[in-house]
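So the sequence lines, in the order shown, correspond to chains A and B.
For the first sequence, the working numbering begins at 1 and goes up steadily by one.
For the second sequence, the working numbering begins at 126 and goes up steadily by one.
All C-beta atoms in this analysis are idealised placements derived from N, C-alpha and C, irrespective of residue type, glycine included.
The structure under discussion appears below in the form of structure tokens.
2 protein chains.
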Amino acid sequence: MTASARIDRIFSALGDPTRRAIVQRLALGEVTVTELARPFAISLPAISRHLRVLEAAALVRQERDGQFRRCRLDTEGLQAAAEWLAFYRHFWGESLDRLDEHLKSSVPRAPKIKGRNHGKHKARR
Amino acid sequence: MTASARIDRIFSALGDPTRRAIVQRLALGEVTVTELARPFAISLPAISRHLRVLEAAALVRQERDGQFRRCRLDTEGLQAAAEWLAFYRHFWGESLDRLDEHLKSSVPRAPKIKGRNHGKHKARR
DNA sequence: CTGTTACTTAACGCTTGTGTTAATTAACGG
DNA sequence: CCGTTAATTAACACAAGCGTTAAGTAACAG
Chain A
1 MTASARIDRI FSALGDPTRR AIVQRLALGE VTVTELARPF AISLPAISRH LRVLEAAALV
61 RQERDGQFRR CRLDTEGLQA AAEWLAFYRH FWGESLDRLD EHLKSSVPRA PKIKGRNHGK
121 HKARR
Chain B
126 MTASARIDRI FSALGDPTRR AIVQRLALGE VTVTELARPF AISLPAISRH LRVLEAAALV
186 RQERDGQFRR CRLDTEGLQA AAEWLAFYRH FWGESLDRLD EHLKSSVPRA PKIKGRNHGK
246 HKARR
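Below, the structure written as structure tokens:
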């Protein structure tokens, strides 16, 4: 697999608001698929496929636990994306130290669950 | 415009290898559209539309110069993406300082132009 | 066994994305 | 003016993406 294809999958995966919301939810902790799906206004199969995409991008990992599948963050994809972007840091002249400061000083709010009615596809029934 | 829609556009824009190659090219310096398009195996209109997408994502800016349009990086989108990802840094326990080190120590190779025959759509004529 | 719960896979439809060629707009150069 | 160069917009084709419902698989619970 080429490096480009890997980064492709990561950024494409993060381009969907439902999938970013899943990542944000998993940042709070491990959950089963059904638990994960509950806050969303889309069907379970839809969530299931988002999870495939996130797994292929190394953003999420799933592990079987009897009847359940536990999902958690996979940092590999996030790291890869961060490193790709870090290459361009000097263009905005912000050292990572200063970015670090900025982030530490901002309120560490929990990510909100988004992804309902995001307007790309309406539920039709 | 919602914050989510903005991040949407940025990650979706970066999800395409041709567009990432454009960003990489512009990191080397300002160019006109035709110059920018030359290394790619796709038509000028296709490049032109990629530029629209990149502009909408605040990743590229275009400025008229007589007969030409000069394109350059817009760091706003890159920053926004980096900040979104930075929220998850602590999950892989890497401080930005250490990431900084890592990047400084690696060879500062120029980004390569990719995006030809990336397999998503074959040229048909 | 049998039914229930937790998912995933299959099949389908609509929308979006990406490419093409042809036509258009705008500036430059004689 | 008139032709050339630079780039965009228009119109179209086809693939990919994301949603749905229905059917399949696997573990659990009685």
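Within chain A, Ser4, Asp8 have C-beta atoms less than 7 Å from the C-beta of Pro142 (chain B), given in sequence order. Using a Cβ-Cβ distance cut-off of 8 Å, the segment 130 to 148 of chain B and the segment 3 to 12 of chain A are in contact, since at least three pairs of beta carbons, one from each stretch, lie closer than that value. For Asp190 (chain B), the enclosing beta strand (DSSP E) covers residues 185 to 190. Ala152 (chain B) reaches chain A at Phe87, Tyr88, Phe91, counting residues in chain order whose Cβ is nearer than 9 Å. Three or more beta-carbon pairs separated by less than 8 Å link the segment 194 to 213 of chain B to the segment 172 to 185 of chain B, which places the two stretches in contact.
For the 7 Å CB-CB criterion, Ala37 (chain A) and Ile47 (chain A) form a contact.
Within the segment 35 to 47 of chain A, no residue has its Cβ closer than 8 Å to any Cβ of chain B. Remark: C-beta atoms of Phe136 (chain B) and Phe11 (chain A) approach each other more closely than 7 Å. Contact residues of the segment 46 to 75 of chain A toward chain B are Leu73, Thr75 (C-beta to C-beta distance below 8 Å). No residue range can be given for Leu28 (chain A), since it is assigned to no alpha helix (DSSP H) and is classified by DSSP as neither H nor E. If you check the CB distance, Leu210 (chain B) and Ala81 (chain A) come in under 7 Å. Membership of Phe87 (chain A) in any alpha helix (DSSP H) is not indicated, and neither H nor E is assigned to it by DSSP.
Between Ala56 (chain A) and Arg89 (chain A), the beta carbon gap of about 27 Å keeps them out of contact (Cβ cut-off 8 Å).
Looking at the DSSP output, Leu176 (chain B) shares a beta bridge with no other residue. In the three-state scheme derived from DSSP, where H, G and I count as helix and E and B as strand, Phe193 (chain B) is classed as strand.
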